[in-house]
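Using this note's numbering, the letters of the sequence shown correspond one by one to residues 5 to 225.
See structure below.
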Amino acid sequence: MANSTTLQVRHLPGLVDYNDALLLQRELHARRCNDDIPDTLLLLEHPAVYTAGRRTQDFERPRDGTPVIEADRGGRITWHGPGQLVGYPIVRLPQPLDLVAHVRRMEAGLIAACDQLGVTTSCIAGRTGVWVAGHTASARKIAAIGVRVARGVTMHGFALNCDNDLAPFAQIVACGIEDASVTTLSAELAQPISVNAVLPVVEQAMMEHLLGTPVSPATAR
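The structure is reproduced here in structure tokens:
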């Protein structure tokens with residue numbers, strides 16, 4: 005089965021129900037496994053929803069009893085909602101499979117996008133995602149990552165906080181991390197910045213970083 009040198013990007017309009025997006029991911033995943041489509045990146049927003057990865061512990065769940073969707077991805081619990089840009093790469097990983105390298109490519113793309121938007125971010129050793137500030141005690145998470153790979157093809161991906169409400173994160177132990185907080189691009193810039201403004205910057209950054217090789221952009225809207 006062939007690796008793709010083209011990344012097709014699809015923007016899904018409006019607020020896309022999490023389960024509807026999951027069904028689409030599974031459909032595209034099956035088609036990518038069969039080499040019917042090139043590597044694909046979905047970019048979208050969800051209505052407010054908590055999703056729990058396979059490693060989520062009971063004490064991390066919402067304190068107010070809000071329902072949670074169980075997700076077939078790695079990682080722990082997080083929140084999605086309006087004002088947050090979510091990206092789902094459906095890509096074939098090169099052999100030998102290296103899921104950590106895939107995560108690092110997503111992080112690199114998000115760091116590059118944030119830098120272009122005026123927010124300096126970085127990774128923290130031992131912690132997945134993208135962070136503002138570089139020390140554990142003061143770090144603020146601006147992007148979360150959780151992935152799954154089956155038959156060499158990925159699902160799920162990243163969530164970048166643009167201009168979303170941070171209050172829902174106070175109800176959970178986001179990503180299982182108790183000694184750090186969350187932030188948004190708008191909070192760091194001290195001015196609103198919409199998902200629509202962030203989306204093309206993230207799209208370009210992912211085209212440059214996600215596949216790990218030079219790509220020929222192919223954008224489907």
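Where is the CB? At the ideal position from N, CA and C, for every residue including glycine.
Limits of the unbroken beta strand (DSSP E) element including I149: DSSP places I149 inside the beta strand (DSSP E), whose first and last residues are 144 to 154.
Distance between V134 and I41 (C-alpha atoms, nearest Å): Computed Cα separation, rounded: 29 Å.
Nearest candidate by alpha-carbon position, reference T132, set T9, T124, A143, G122: A143
8 Å Cβ cutoff met for R58 and V157: no
Helix, strand or coil at P1 according to DSSP, with G and I counted as helix: No information on residue 1 is available, as it lies outside the stretch 5 to 225 that the chain covers here.
CB contact check: L114 to chain B, cutoff 8 Å: Of the protein chains in the structure, only one exists, and it is not chain B.
For S185 and K145, the rounded distance between their alpha carbons: 6 Å
Closest Cα partner of V123 within the set M110, A137, A129: A137
Stretch pair the region 160 to 171 + the region 77 to 92: three plus CB contacts closer than 8 Å: With a cut-off of 8 Å, the region 77 to 92 and the region 160 to 171 count as touching, because enough Cβ pairs lie within range.
Buried versus exposed call for I73 [16 or more other C-beta atoms within 10 Å across all chains shown]: The residue is exposed, with fewer than 16 neighbouring Cβ atoms inside 10 Å.
Rounded straight-line distance, which links the Cα of A25 to that of H50: C-alpha separation (whole angstroms): 9 Å.
Own chain partners of R152 with C-beta closer than 8 Å, once the 5 adjacent residues on each side are dropped: Closer than 8 Å at the Cβ level, and outside the excluded window around R152, lie D76, R77, G78, T158, M159, H160.
DSSP three-state assignment for C127, whether helix, strand or coil: In this structure, C127 counts as strand in the three-state DSSP scheme.
Stretch pair the region 169 to 177 + the region 199 to 217: three plus CB contacts closer than 8 Å: The region 169 to 177 makes no contact with the region 199 to 217; the number of CB pairs closer than 8 Å stays below 3.
Span of the alpha helix (DSSP H), counted from its first residue to its last, around D24: 22 to 37
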